[in-house]
Structure formats: structure tokens, C-alpha cells
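Asker: Structure in C-alpha cells, see below.
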Amino acid sequence: MRSKVETLARAAERVTDGARLVMSANLHRSPMAFLREVVRRRVRSLRVIGVVGGDLNIDFLVGAGAVGVVDTCSVTLGEFARTGPNFARHVIADRVRALDNT
1 MRSKVETLAR AAERVTDGAR LVMSANLHRS PMAFLREVVR RRVRSLRVIG VVGGDLNIDF
61 LVGAGAVGVV DTCSVTLGEF ARTGPNFARH VIADRVRALD NT
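Here's what the structure looks like:
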């Protein structure tokens with residue numbers, strides 16, 4: 001039987017321009033190593049869907065310029081920031097489209 005285990009680099013190859021990524025808002029379980037690999041590949045125009053909000057994971061991708069649309073009820077940094085700073089800056093500058101899914 002073929003192994004389903006892949007390296008981060010190999011897994012990130014599956015994420016292409018315009019792909020959808022679904023993540024939950026959780027500082028403790030954010031897949032940051034995987035997201036860094038996606039950013040290294042210079043993927044663009046992602047549609048990121050935050051289940052029960054977004055967190056550091058979404059703010060990181062937005063700050064890296066990888067996101068075109070964020071579909072979530074909020075992007076915060078928990079007790080550290082009311083709104084993700086990259087998310088706020090990019091939405092205000094009209095570089096990211098924010099969709100409210102509350």
C-alpha cells in the first residue's frame with residue numbers, strides 16, 4: 001500500500017493559485033510550517049475560509065500577499081490583537097476582499 005505521508009514541500013505543491021484553503025481559528029493548532037511552505041512557493045489569489053473565525057494563520061497569509069478573498073466571521077489574534085493587523089491593512093487598502101460568513 002502506498003504511504004500517505006508527504007513532506008511539507010510536497011503537500012504545499014497541491015496548493016495552486018486561486019485554490020481554497022479552509023482553516024479554523026486556533027493559535028495552538030495553526031499549520032504554520034505548512035503555510036510558510038505555501039508562501040515560499042509564491043502562491044497567489046487564495047480564497048481562505050475561516051471556520052469559526054480566523055487567526056494568525058489567515059493574517060500571516062494575507063500579510064504575505066497570498067490571499068485574494070477571506071471568507072470568515074472574524075480575523076483576530078486572540079487576546080493579543082482585536083483584529084489581525086495584516087488583514088485590516090489589506091482590507092482597508094482594497095487588496096483583499098472580505099466576505100462575512102456569520
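Note that the numbering used here has the sequence shown beginning at 1, numbered continuously upward.
In this text, a Cβ means the ideal position worked out from N, Cα and C, and glycines have one as well.
The structure presented is a predicted model; accordingly, all values stated were derived computationally and were not measured.
Leaving out five residues on either side along the sequence, give the residues of the same chain with a beta carbon under 6 Å from the beta carbon of A112.
Answerer: With the chain running from 1 to 102 in the structure shown, residue 112 is simply not present.
Asker: Taking 7 Å as the cut-off, decide whether the C-beta atoms of T83 and G50 are in contact.
Answerer: No.
Asker: Closer than 6 Å by C-beta to R47: which residues in its own chain qualify, once you throw out the five before and the five after it? Chain order, please.
Answerer: These residues qualify, in order along the chain: R20, V69.
Asker: Assess contact between the region 83-98 and the region 19-37, defined as three or more Cβ pairs (one per stretch) separated by less than 8 Å. Is contact present?
Answerer: The region 83-98, when compared against the region 19-37, does not touch it at the 8 Å Cβ threshold.
Asker: Contact defined as beta carbons within less than 8 Å: I believe A12 pairs with R41. What is the distance between those atoms, to the nearest angstrom?
Answerer: That belief holds up - the Cβ atoms of A12 and R41 are roughly 6 Å apart, short of 8 Å.
Asker: CB V91 to CB V67, shorter than 7 Å?
Answerer: Against a cut-off of 7 Å, the Cβ pair of V67 and V91 comes out as no contact.
Asker: Roughly how many whole angstroms lie between the Cα atoms of T102 and M1?
Answerer: Roughly 42 Å separates the two Cα atoms.
Asker: Once DSSP output is grouped into helix, strand and coil, what is the label at I50?
Answerer: What sits at residue 50 in the sequence shown is Gly, not Ile. Strand, per DSSP.
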